[in-house]
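Numbering (this note's numbering), first residue to last: 1424 to 1520.
As structure tokens, this is what we get:
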């Protein structure tokens, strides 16, 4: 998971504010990670009991599309990757000014 965060930061040209914070749940529990970015944050939660992971990359600065489907399928051997991309217009509306 640390390598995933490092790859995201480098590949998307993001800026870490501090080192990521990690929590390993006891027993067969998963991992939760959070990285604070100058652009916002990266968060992940793993669910070993379901063989899944939830990854959130939130950027307040527009970025080129990153190949999440390909990367996650190759890196984790995922058989299914679902990506939801939400475009947020961070340009002030001229009429509301």
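Glycine included, C-beta positions come from ideal geometry on N, C-alpha and C. Since this is a predicted model, take the numbers as computed values, not measurements.
Looking at the DSSP output, residue 1456 shares a beta bridge with 1445, 1467. Cβ neighbours of residue 1441 within its own chain (closer than 7 Å, five residues either side excluded): 1459. Going by C-alpha positions, residue 1491 is about 13 Å away from residue 1500. Using a C-beta cut-off of 8 Å, the stretch 1448-1464 makes no contact with the stretch 1495-1510, since fewer than three inter-stretch Cβ pairs fall below that distance. The secondary-structure analysis by DSSP pairs residue 1480 across a beta bridge with 1465.
Taking every protein chain shown into account, the CB of residue 1481 has fewer than 16 other CB atoms within 10 angstroms, so this residue is exposed.
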